[in-house]
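To keep things clear, I will list the structure first and then write my remarks on it.
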Amino acid sequence: MGRRMQSGFEVGDPGGRGGRGIFNIGKAQIKKMDKNAKDKVLFNDVAGCDEAKQEIMEFVHFLKNPKKYEELGAKIPKGAFFVGLSGTGKTLLAKATAGESGVPFLSMSGSDFMKMFVGVGPSRVRSLFQEARQCAPSIIFIDEIDAIGRARGRGGFSGGNGERESTLNQLLVEMRGFGTTSGVVGFDGTNRPNILDRALLRPDIANVFNEAALIAARNGSAVITMEHFEAAVDRVIGGLEKKNKVISKLESQTVAYHESGHAVAGFAQYVPNENLLMTKEQLSDVTCMTLGGRDAKQVLLRKISTGAQSDLKKVTKMTYTQVAVYGFSDKVGLLSFPQRDAFEMTKPYSSKTGAIIDSEVRKWVVKAYERTMQLIEEHKEHVTQVAELLLEKTSFTRRTWFGS
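At position 126 of the sequence shown (counting the first as 1) the number is 114 in my numbering, and the numbers step up by one without a gap.
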């Protein structure tokens, strides 16, 4: 995994050639590995990451035979995010994908785009993508994408926020030009996916339809069925299924009851829609559904675990939003205090108002918890049946349960 790449790279002009350096500052300092490099990396050089390699093979097949996808009417995704801690092989896997595909590999770090001069970031983005198109088919890899891909509107103390946002906007513009016919695939690496701008991650209806077509092609099907669409929705919204992860029987039981609790409490998946309006009652139902997993384990297994951490985080954020942003709390009143950047030293309300907000959030969560516990108690038999079916089949649809 730690194999060092020393040859086969061409580094862009560092700007140190006489007096011309200042005029080349907008040119991207690209690390480029030629497709014919003798020391190119292959999947055999990457230890582990079996699921990631299996998923990434879709890009390899596309880069080797793009006409197959054009004939199917499917478009290969514009790229992928490699998420993991430093040293887990993100860059190595990206290089291996280029090596297996037999295409040039162009890489930069997100911090390389951010310089002291205004306009350098967007200019380097244009330069990177222009070179990638000139040597297409090719792969672009931007490591530490969070350096430029941080959610917009969060300035902190940085004076270069405007330049970073301009760089991100240019990156989004260039990404829109990706497609089956461009021959360029973009990979990004990060260990902080939670701070990335939503525009980089947002799924949409087109992705669902296209993913269904890709799944059908992957399975050798001549038509796209409802099963392909259901798998596509799970893939786009929930991410890659962890098929190779080995867990104990006790953990399997815990997870089964957790997911069963969500299902019985009314779990549903939706493609994000920024224009969707929700009532106070609907948001209360979503809160109860989110608590369903933890409550099911508490009622039926008589224990709780760390698996509900993400659910509790969502519940806290949702409830805070209802109380302090949407004006649903009578005690806070018709006031709205959107969550600000974590680096801000002051809050847009007094300490007294903050204490009222905290008290209301706690009260609302406790009320939702008690309501969910009552629901689980009333439907213990159904929760158990769903959990047992999950242990047997791993996953199933509404038709499996209701028979229609």
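Every residue gets a Cβ at the ideal spot worked out from N, C-alpha and C, and that includes glycine.
Would you kindly check if the distance between the Cβ of residue j and the Cβ of residue i is under 8 angstroms?
| i | j | result |
| --- | --- | --- |
| ALA139 | ARG186 | yes |
| VAL274 | MET306 | yes |
| ILE133 | ASP100 | no |
| VAL113 | THR85 | no |
| PHE316 | LYS268 | yes |
| LEU184 | CYS276 | no |
| HIS246 | GLY295 | yes |
| PRO110 | LEU51 | no |
| THR360 | GLY254 | no |
| LEU80 | VAL34 | yes |
| THR385 | GLU218 | yes |
| MET21 | LYS66 | no |
| ALA204 | VAL211 | yes |
| VAL106 | LYS23 | no |
| ILE399 | ALA312 | Coverage of the chain is limited to positions -11 through 392, which leaves residue 399 absent and any answer about it impossible. |
| GLY98 | ILE136 | yes |
| ARG152 | MET102 | yes |
| VAL356 | SER272 | Note on residue identity: the sequence assigns Ala, not Val, to residue 356. Their beta carbons are under 8 angstroms apart, which means ALA356 touches SER272 by this criterion. |
| CYS37 | GLY75 | no |
Would DSSP call residue i helix, strand or coil?
| i | result |
| --- | --- |
| ILE127 | strand |
| THR68 | This sequence places Ala at residue 68; Thr is not what is there. Here ALA68 sits in strand by DSSP. |
| LYS19 | strand |
| THR168 | Confidence at THR168 is low in this model, with a pLDDT of 49, below 50, so the placement of that residue should be treated as unreliable; the coordinate-derived value is given next. Note: THR168 maps to coil in three-state DSSP. |
| LEU377 | helix |
| PHE325 | coil |
| GLY150 | helix |
| ASP176 | strand |
| PHE331 | Residue placement at PHE331 cannot be trusted, given a pLDDT of 46 that sits under 50; what the coordinates show is reported in the next sentence. The answer is coil: DSSP assigns PHE331 none of H, G, I, E or B. |
| ARG223 | helix |
| THR372 | helix |
| ARG140 | coil |
| ILE10 | Summary for ILE10: the model assigns pLDDT 47, below 50, so the residue's position carries little reliability; its value from the coordinates is reported in the next sentence. Three-state DSSP puts ILE10 in a helix. |
| LEU30 | coil |
| ALA35 | coil |
| PHE197 | helix |
| GLU132 | coil |
| LYS55 | helix |
| PHE145 | Because the pLDDT at PHE145 is just 47, under 50, the model does not fix this residue reliably, and the value given afterwards should be weighed accordingly. It is coil, neither helix nor strand. |
| PHE101 | helix |
| VAL(-1) | Note on VAL(-1): pLDDT 36, under 50, position unreliable in the model; the coordinate value appears next. Strand. |
| ASP318 | coil |
| ILE292 | coil |
| GLY280 | helix |
| ASN207 | coil |
| LEU73 | coil |
Tell me where the alpha helix (DSSP H) around residue i begins and ends.
| i | result |
| --- | --- |
| VAL108 | 108 to 122 |
| PHE413 | Given a span of -11 to 392 for the chain in the structure shown, any question on residue 413 remains unanswerable. |
| VAL287 | Segment: none, VAL287 is in no alpha helix (DSSP H) and carries neither H nor E. |
| MET361 | 339 to 366 |
| THR79 | 78 to 89 |
| LYS305 | 297 to 312 |
| GLY249 | 237 to 252 |
| ALA187 | 186 to 189 |
Compare the C-alpha of residue i against each of the options and name the closest.
| i | options | result |
| --- | --- | --- |
| MET96 | GLY150, ASP299, GLY174 | GLY174 |
| GLU88 | ALA25, ILE235, MET266 | ALA25 |
| MET266 | THR309, PRO326, LEU238, LYS340 | THR309 |
| ILE18 | LEU116, VAL161, GLN373, LYS237 | LEU116 |
| LYS301 | VAL349, LEU288, LEU379 | VAL349 |
| LEU378 | GLN241, SER338, ALA40 | GLN241 |
| PRO326 | VAL108, GLN373, ILE127, PRO336 | PRO336 |
| ILE423 | GLY249, LEU271, GLY342, SER324 | Residue coverage of the chain in this structure runs from -11 to 392, which leaves residue 423 outside it and unanswerable. |
| LEU160 | LEU188, CYS37, LYS41 | LEU188 |
| ASN182 | LYS340, SER298, GLN373 | SER298 |
| VAL47 | ILE127, VAL287, LYS285 | One point to set straight first is that residue 47 is Phe, not Val, in the sequence displayed. Measuring from the Cα of PHE47, the nearest candidate turns out to be ILE127. |
| ARG290 | LYS368, VAL108, THR278 | LYS368 |
| ILE235 | THR382, SER209, HIS49, LEU30 | THR382 |
| GLU239 | THR278, LYS285, ARG223, SER209 | LYS285 |
| VAL287 | GLU366, ASP318, VAL29, CYS123 | GLU366 |
| ASP222 | GLY208, SER209, VAL196, LYS237 | VAL196 |
| ASP283 | LEU322, GLU358, LYS237 | GLU358 |
Would you grab the beta carbon distance between residue i and residue j for me? Rounded to a whole angstrom, and I think it's under 8 angstroms.
| i | j | result |
| --- | --- | --- |
| VAL243 | VAL371 | About 13 angstroms separates the two Cβ atoms, so there is no contact after all. |
| LEU94 | ALA120 | 5 angstroms |
| VAL303 | THR178 | Wrong, their Cβ atoms sit about 26 angstroms apart, outside the cutoff. |
What are the start and end residues of the beta strand (DSSP E) that includes residue i?
| i | result |
| --- | --- |
| PHE384 | PHE384 -> no beta strand (DSSP E), and no H or E assigned at all. |
| LEU94 | 93 to 97 |
Is there a Cβ from chain B that is less than 8 angstroms from the Cβ of residue i?
| i | result |
| --- | --- |
| LEU288 | Absent here is chain B; the protein component of the structure consists of one chain. |
State yes or no: is the C-beta of residue i nearer than 7 angstroms to some heavy atom of the ligand NAD?
| i | result |
| --- | --- |
| GLY208 | The model depicted lacks the ligand NAD and carries no ligand whatsoever. |
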